[in-house]
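Here is the structure:
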C-alpha cells in the first residue's frame, strides 16, 4: 500500500511538471517561517522544465537557490521568500563576486514575477559585517543574474538585502518593471545594479535604499548599452541615479526620462549634516547627487540623454566626472561626451553645487543642459576660496574636492563644447559666487540663464 502511495505521489509530481506548474506547497514546503525549504524549492525549479513554480501565500525560509533556463517563478499575494540568515550557506560563486539568494549564470528565458515578497533579512546580526572595506562583499545579494539573457523581473516586493539588492552583469535583454525595492538594513544596499549589460528596460519602479538607488556599472569588459529608464521613483541616502563607479568599458546609448528623486525613508548610518558640516547641508537625511555620471576606469561614456527629472533633498543636482583611477585593464584614460540633460527641477539641500569636471588633457566634451530650475540654500560669503584640487585619481563623489565649489550653479573644468540654456537658479540666502565658474574650458555657451532673477555671471579663470 505504501509503495502504491509513493508511486501515485511521484506520478502526480511528474504530471504537474509536464503540465507546466509546480506549487511548492504541494511538494511539502511549509510557509511557517521556521522550516528550511531549500531542497524542496530547488528540486521544484529543476523539475519544472519550461513551466511555472508557484510560491503560495506564507513565509518560506530558504537558502540560496539556482535558477535554470526556461522557467517562471511566481510569488502569489501574501507569499514571502525569506533568505536564511546564516553566512555559511552563502559561499562565493565559482565565477566570483558576492553570493546571492537567487542566482543564475549563463541561463536564458527566466521570469520572476507576482505580488509577493523576497526578503533577504539583511538587517540580521549574522550579516552585520561592515562595508566593502571590511570584506562586506561576502554578504549575499538577493538577485544575481550573471551573463544571462531574456530576463524579466516584474511587480515584486524586494526587501532587506545584506548587500546589493540585485545585480545584472553581462546580461542581454533584461526587463525590470513595477518593482518595489526597500532596503536599509546593511551597508552597500544599492537598489538596482546593471553592469556591462545591453538592451535593458527599467520602468515603473519604486526604489528606496540606503545606498545608490539605481546604478549602471561597467565592472567587466563590456559596456552598458541600449538602456531605457523611465517612470521611476528613486529614494536614496547616496546617489539616486548613478553611472559608475566601475567604468572599465563604459556606457553608450542610454535614455532616462520621467524620474522623481527624494531622500530615503530611513537614515541609519550616513548622517551627512553632522559628518560634513563644511558642505552646508541643511538636512541630515539627503541624497548625495540626483544625477551622477562618472567614468574613471578607462571606459567611455557616449550618447546619454536624461530628461524630465524632479528632485528634492539633494546635496548636488548634477555631478559629471571624468577621472583616472588607473584601474582599467588597458590603463587608458576615460572619455565622456555627447550628454544631453533637460527639464530638471531640483531643490538642493547643500551649498555643494553642480559640477562638470574632466582632468588636464582629457576634457568632458559636448554636454548640453537646458530648462533647469534649481532652488538652493545659498549663503556662500564674499571672498570664498576658488582653488579646487584636481584629485584625478580620487573616488568620484560630489565632495571629492574637499571644498565647496566656487559657482552657485555649475563649476565647469577641463571641458569642451558645453552649453547651458534656460538655467534658472534661486538661492534662499544671498550667495556671492558667480552662476558659472570655468577653468580650462573651450566652446562654452549660455543662453537665458539667471541667478536670483539677474543675468547669469560667468567667470573664466
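In mature numbering (1 follows the signal peptide of the UniProt record, and there is no 0), the protein residues as written are -19 to -1, 1 to 442. Ideal Cβ placement from N, Cα and C applies to all residues, glycine included.
First and last residue of the uninterrupted beta strand (DSSP E) at residue i
i: residue 29; result: Taken as a continuous stretch (DSSP letters only), residue 29 belongs to no beta strand (DSSP E), being part of the alpha helix (DSSP H) at 19 to 29.
i: residue 130; result: 130 to 135
i: residue 156; result: 153 to 158
i: residue 100; result: 98 to 100
i: residue 425; result: 417 to 428
i: residue 172; result: Segment: none, residue 172 is in no beta strand (DSSP E) and carries neither H nor E.
i: residue 43; result: 39 to 43
i: residue 148; result: 147 to 150
i: residue 164; result: 161 to 164
i: residue 68; result: Taken as a continuous stretch (DSSP letters only), residue 68 belongs to no beta strand (DSSP E), as it is neither H nor E.
i: residue 84; result: 81 to 86
i: residue 4; result: 2 to 4
i: residue 127; result: 122 to 127
i: residue 433; result: Here residue 433 belongs to no beta strand (DSSP E), and DSSP marks it neither H nor E.
i: residue 35; result: 33 to 36
Endpoints, the alpha helix (DSSP H) within which residue i is located
i: residue 256; result: 253 to 256
Residue i - partner residues in DSSP beta bridges
i: residue 94; result: 55, 135
i: residue 11; result: Answer is none; residue 11 lacks a bridge partner.
i: residue 348; result: 320, 399
i: residue 381; result: Bridge partners of residue 381: none, in fact.
i: residue 337; result: 301, 393
i: residue 367; result: According to DSSP, which records beta bridges pairwise, residue 367 is partnered with nothing at all.
i: residue 105; result: None, per the DSSP bridge assignment.
i: residue 359; result: 410
i: residue 47; result: 84
i: residue 459; result: With the chain running from -19 to 442 in the structure shown, residue 459 is simply not present.
i: residue 233; result: 206, 283
i: residue 110; result: Per DSSP, none; premise fails for residue 110.
i: residue 441; result: 419
i: residue 62; result: 41, 99
i: residue 238; result: 211, 288
i: residue 228; result: 199
i: residue 76; result: None; residue 76 has no bridge partner.
i: residue 140; result: 100, 163
i: residue 354; result: 326, 405
Sub-8 Å separation of residue i and residue j beta-carbons
i: residue 444; j: residue 296; result: The requested residue 444 is not part of the displayed model; the chain covers only -19 to 442.
i: residue 60; j: residue 39; result: yes
i: residue 220; j: residue 173; result: no
i: residue 293; j: residue 252; result: no
i: residue 337; j: residue 361; result: no
i: residue 230; j: residue 212; result: no
i: residue 100; j: residue 43; result: no
i: residue 233; j: residue 204; result: yes
i: residue 353; j: residue 325; result: yes
i: residue 104; j: residue 169; result: no
i: residue 121; j: residue 79; result: yes
- Query: What are the uninterrupted segments assigned as beta strand (DSSP E) that are 3 or more residues long and contained completely in the stretch 175 to 223, given in chain order?
  - Reply: 179 to 184, 187 to 190, 195 to 199, 205 to 217
- Sufficient close CB pairs (3 or more, under 8 Å) joining the stretch 142 to 159 to the stretch 226 to 233: no
- Which ranges does the beta strand (DSSP E) cover as unbroken runs of at least 3 residues, wholly within the stretch 241 to 329, from first to last along the chain? 268 to 276, 281 to 303, 316 to 329
- Between the stretch 334 to 343 and the stretch 302 to 312, are three or more C-beta pairs nearer than 8 Å? yes
- Below 8 Å, can you find three or more Cβ-Cβ pairs linking the stretch 123 to 132 to the stretch 80 to 90? yes
- Is the stretch 189 to 196 touching the stretch 153 to 160, taking contact as three or more C-beta pairs under 8 Å? no
- Message: Can you confirm whether the stretch 256 to 266 touches the stretch 306 to 322 when touching is taken to mean that 3 or more C-beta pairs between the two stretches lie within less than 8 Å?
- Response: no
- Just checking, does the stretch 29 to 38 make contact with the stretch 67 to 87 on the three C-beta pairs under 8 Å criterion? no
- Item | At least three beta-carbon pairs within less than 8 Å, the stretch 274 to 284 to the stretch 327 to 334 | no
- Message: Quick check: the stretch 421 to 438 against the stretch 394 to 411, are at least 3 beta-carbon pairs closer than 8 Å?
- Response: yes
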